[in-house]
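Numbered by numbering that gives the first Met the number 0, the letters in the sequence shown go through residues 0 to 242 in order.
Just so it is clear, CB atoms sit at the ideal spot from N, CA and C, and this is done for glycine as well.
All values derive from a computational prediction rather than experimental measurement.
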Amino acid sequence: MHDQLVTVVTGGSRGIGAAICARLAADGHDVVLGYRSDASAAEGVAATVRDAGRRCVAVRVDTTDEAAVDRLFDAAADLGSVTGLVNNAGVSGPNGRLVDADAAGMRRAVDVNVIGYLLCARRAIRDMSRNGSGAIVNISSASATIGSPGQYVHYAAAKAAVDAMTVGLSKEVAADGIRVNCVAPGVIWTEFHQDPQRPAKVAANIPMGRSGQPQEIAGAVSWLLSDDASYATGTILRVAGGM
Numbered sequence: 000m001h002d003q004l005v006t007v008v009t010g011g012s013r014g015i016g017a018a019i020c021a022r023l024a025a026d027g028h029d030v031v032l033g034y035r036s037d038a039s040a041a042e043g044v045a046a047t048v049r050d051a052g053r054r055c056v057a058v059r060v061d062t063t064d065e066a067a068v069d070r071l072f073d074a075a076a077d078l079g080s081v082t083g084l085v086n087n088a089g090v091s092g093p094n095g096r097l098v099d100a101d102a103a104g105m106r107r108a109v110d111v112n113v114i115g116y117l118l119c120a121r122r123a124i125r126d127m128s129r130n131g132s133g134a135i136v137n138i139s140s141a142s143a144t145i146g147s148p149g150q151y152v153h154y155a156a157a158k159a160a161v162d163a164m165t166v167g168l169s170k171e172v173a174a175d176g177i178r179v180n181c182v183a184p185g186v187i188w189t190e191f192h193q194d195p196q197r198p199a200k201v202a203a204n205i206p207m208g209r210s211g212q213p214q215e216i217a218g219a220v221s222w223l224l225s226d227d228a229s230y231a232t233g234t235i236l237r238v239a240g241g242m
């Protein structure tokens, strides 16, 4: 275990990302919070991290932009060597049937959910391999295996790519002392949904009878980054209420 845990969390200003930042701070991580546009929300999450006694730097970043990703990780140097990455920044793109989906929206979703994760992981591995250790957690989705028909098949396809990248990368960097794992949430109460009441409306279809809370995802992420998960790599941990 490092004396100092420094974890980069993308999409950290709201929803699951914000819950992850708060949980990691409580579990002893300093946090580099990447956010897309809402500076005040990002500062609010940063304040929560600092209230837990940890350090936090918030960095505006478009994860699909290679130079911006480098700036994000360069900012982490103020806190120390990066020991963890949580790839969480994502967008759903158009909601509805594929026949009605707009090409630009689909392309943006694949860009953020796939290329963005790859660029962040690439830079994290470059930094971590110098230290001979590190851990990456990709946030996927239960949609990767369910397919999300009628809602966003392109998003499900992008998340299936995240699962595959997790497995492949975990094997590629295992000998470098770097673990790569994945958490696949089900329906969670966040602002991610086009219909804010969707988590309530779909509860009846979930075996546990309810949608999840962001904190329930954050606990899984924290475990995968911890020494308790030291023998876990290439794991896709489904946290989806039985879906």
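Is the CB-CB distance between G33 and G14 below 8 Å?
In this structure, G14 does not lie closer than 8 Å to G33 by Cβ.
Less than 8 Å between the C-beta atoms of A239 and P184, yes or no?
Yes, they are a contact pair.
Where do the N-terminal and C-terminal ends of the alpha helix (DSSP H) with G14 fall, by residue?
Note, G14: alpha helix (DSSP H), 14-25.
For the beta strand (DSSP E) that contains C154, what are its first and last residues?
For clarity, residue 154 is Tyr in the given sequence; the question names Cys instead. Taken as a continuous stretch (DSSP letters only), Y154 belongs to no beta strand (DSSP E), being part of the alpha helix (DSSP H) at 152-172.
What whole-angstrom Cβ distance do V111 and A88 have, given they're in contact under 8 Å?
Confirmed, Cβ separation roughly 6 Å.
Using the Cα positions of S12 and D101, report the straight-line distance between them to the nearest angstrom.
About 27 Å.
Between the Cα of R107 and those of R121, A199, V90, D26, spot the shortest distance and give me the residue it belongs to.
The option with the nearest alpha carbon to R107 is V90.
Candidates T189, R209, I235, V182: closest to I216 by CA position
The shortest CA-to-CA distance from I216 to any of T189, R209, I235, V182 is the one to V182.
Straight-line gap, G211 to M242 (C-alpha atoms, nearest Å)
In this structure, the alpha-carbon of G211 lies about 11 Å from that of M242.
Tell me whether Y230 is buried or exposed, calling it buried when 16 or more other Cβ atoms sit within 10 Å of its Cβ.
Exposed is the call here.
Expected contact under 8 Å - CB spacing of V60 and R49 to nearest Å:
Rounded to the nearest angstrom, the Cβ distance from V60 to R49 is 20 Å, too far for a contact under 8 Å.
In or out: V113 buried (at least 16 other Cβ within 10 Å) or exposed?
Per the 10 Å Cβ criterion, buried.
Host alpha helix (DSSP H) of V113 (start-end):
Neither: V113 is in no alpha helix (DSSP H) and is coded neither H nor E.
Residue range of the unbroken beta strand (DSSP E) whose run includes A134
Start and end: 133-138.
For my contact list, A123 and L84 are in at a C-beta cut-off of 8 Å; report their separation, rounded to the angstrom.
In this structure, A123 and L84 form a Cβ contact; the two beta carbons are roughly 4 Å apart against a cut-off of 8 Å.
In the structure shown, what three-state DSSP assignment does M0 receive?
Residue placement at M0 is flagged as unreliable, the pLDDT there being 46, under the threshold of 50; the coordinate-derived value follows with that caveat. In this structure, M0 counts as coil in the three-state DSSP scheme.
Mark D2 as exposed unless 16 or more other C-beta atoms lie within 10 angstroms of its C-beta, in which case mark it buried.
Classification for D2: exposed.
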